[in-house]
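J.: Below is a structure I'd like to ask you about.
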Amino acid sequence: MPFVKEVKTNAYFSRYQVKYRRRREGKTDYYARKRLVVQAKNKYNAPKYRLVVRFSNKNITVQVVYARLQGDFVLVAANSRELPRYGIEHGLTNWTAAYATGLLAARRALTKLGLADKYQGVAEPDGTISLTEAIDDAPRPFKAYLDVGLKRTSTGSRVFGALKALPWIR
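Residue numbers (our numbering): 38 to 207.
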């Protein structure tokens, strides 16, 4: 059977709707983004914070971000390029660097919100899981949702290294 060339008419192209630019570029999963950004209506315009972890070939970036109608706003950010100031000279994209960058972002967020002295964190790490409980007559612990973007969440991923540094992440 001979091949038939499929001809698309002007009517086809006039009804065709292109996808969002960042979807066409393969940078944003809007299905996941909607679920991370949309706030419950009974929260009355309270910001819903996300912990955004992104990897490049040379750096790791960890940001605490919240969304508004005007766009996303960054509360705090930390980059693995800052780690040489704290004694980590090499391996700025490995699991350990992800942990250290996440810890740096966490301390900055708590300091900026005035919670650093109320919620100290674990003084001596022993490998056990510890959940941060709310203190009476004090603000509740800071809460953010992990935003991994298009990265696979396989076991041992560096995303979870950044997450492990932050006990207040959901």
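Even for Gly, the Cβ is constructed at its ideal location relative to N, Cα and C.
Since I believe Tyr156 is in contact with Thr169 (beta carbons under 8 Å), could you give me their beta-carbon distance rounded to a whole number of angstroms?
T.: Thr169 to Tyr156, Cβ: 6 Å. Contact.
J.: Would you say Lys85 lies against chain C (beta-carbon separation less than 8 Å)?
T.: Of the protein chains in the structure, only one exists, and it is not chain C.
J.: Excluding the 5 residues preceding and the 5 following Tyr67 in the sequence, name in chain order all residues of the same chain whose CB lies nearer than 7 Å to its CB.
T.: Once the five neighbours on either side are set aside, the close Cβ partners of Tyr67 are Tyr57, Arg60.
J.: For the beta strand (DSSP E) that contains Asn116, what are its first and last residues?
T.: Run containing Asn116: 108-116, per the beta strand (DSSP E) assignment.
J.: For Tyr49, does the three-state DSSP call read helix, strand or coil?
T.: Note: Tyr49 maps to helix in three-state DSSP.
J.: As a quick exercise: from Val89, Leu73, Lys71, pick the residue whose alpha carbon is nearest that of Leu203.
T.: Per the Cα distances, Val89.
J.: Can you have a look at Asp184 and say buried or exposed, based on whether 16 or more other CB atoms are within 10 angstroms of its CB?
T.: Classification of Asp184: buried, given that the 10 Å Cβ count is 16 or more.
J.: Apart from the five residues on each side of it in sequence, which residues of its chain come closer than 7 Å, Cβ to Cβ, to Arg144?
T.: The answer, listed in chain order, is Ala153.
J.: Which value, in whole angstroms, describes the spacing of the CA atoms of Asn116 and Val99?
T.: Distance between the alpha carbons of Asn116 and Val99: 6 Å.
J.: In chain order, which continuous runs of the alpha helix (DSSP H) of length 4 or greater are located wholly inside the region 40-108?
T.: As far as the region 40-108 is concerned, its whole alpha helix (DSSP H) runs of at least 4 residues are 47-52, 58-61, 67-74.
J.: Looking at the structure shown, is Leu183 part of a helix, part of a strand, or coil, going by DSSP?
T.: The answer is strand: DSSP assigns Leu183 an E or B state.
J.: With distances taken Cα to Cα, identify the nearest neighbour of Asn82 among Arg72, Ala104, Ile97, Ala199.
T.: Ranking the options by Cα distance to Asn82, first place goes to Ala104.
J.: Is the CB-CB distance between Val113 and Ala77 below 8 Å?
T.: Not closer than 8 Å, so no.
J.: Helix, strand or coil: how does DSSP classify Lys149 here?
T.: Three-state result, Lys149: helix.
J.: Once DSSP output is grouped into helix, strand and coil, what is the label at Thr138?
T.: Of the three classes helix, strand and coil, the one that applies to Thr138 here is helix, per DSSP.
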